[in-house]
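In my numbering, the protein residues as written are 801 to 925.
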């Protein structure tokens with residue numbers, strides 16, 4: 801069966817997720833990528849927003865979670881994002897969430913540290 805996807809990539813939000821006190825206090829940028837899997841999207845034929853997932857709403861929900869969260873780990877942050885997407889958008893059958901932490905407190909050169917998870921509707925309901 802064909803599977804249509806909605807991609808939200810490179811979303812940058814300032815959050816306070818981290819193990820160390822300075823991460824909680826000062827905050828830092830996180831980059832989030834989402835892949836929403838919907839089966840076939842009826843809006844491809846209807847051209848109607850009600851027949852798809854409003855990616856603007858998903859963007860705002862993700863921003864809310866990242867900017868107001870105080871999780872220690874990006875693993876937990878990714879899980880909370882996945883649950884929000886699946887619980888709030890019944891058309892989404894599964895979601896892949898990647899959270900990147902470009903300023904992770906690690907000595908050395910790197911572009912980012914990241915975690916990537918995949919969840920289905922059955923995983924969270």
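For glycine and all other residues, C-beta sits at the position ideal for the given N, C-alpha and C.
Computed from a predicted structure; not experimentally measured.
From the DSSP output, in three-state form, read off residue i for me.
i           : result
residue 920 : strand
residue 859 : helix
residue 854 : coil
residue 888 : helix
residue 904 : coil
residue 834 : strand
Starting from residue i, follow its DSSP beta bridges and name the residues at the other end.
i           : result
residue 804 : 839
residue 829 : 814
residue 915 : 899
Quick one: Cα of residue i to Cα of residue j, how far?
i           : j           : result
residue 921 : residue 836 : 11 Å
residue 907 : residue 924 : 36 Å
residue 830 : residue 846 : 35 Å
residue 857 : residue 909 : 35 Å
residue 832 : residue 899 : 5 Å
residue 871 : residue 838 : 29 Å
residue 818 : residue 890 : 31 Å
residue 852 : residue 805 : 10 Å
residue 826 : residue 861 : 22 Å
residue 855 : residue 848 : 13 Å
residue 823 : residue 850 : 39 Å
Would you call the CB atoms of residue i and residue j closer than 7 Å?
i           : j           : result
residue 905 : residue 820 : yes
residue 808 : residue 834 : yes
residue 865 : residue 841 : no
residue 896 : residue 918 : yes
residue 815 : residue 869 : yes
Would you mind reading off the limits of the alpha helix (DSSP H) that contains residue i?
i           : result
residue 819 : Run containing residue 819: none; DSSP gives neither H nor E here.
Along the chain, where does the beta strand (DSSP E) that runs through residue i open and close?
i           : result
residue 896 : 894-901
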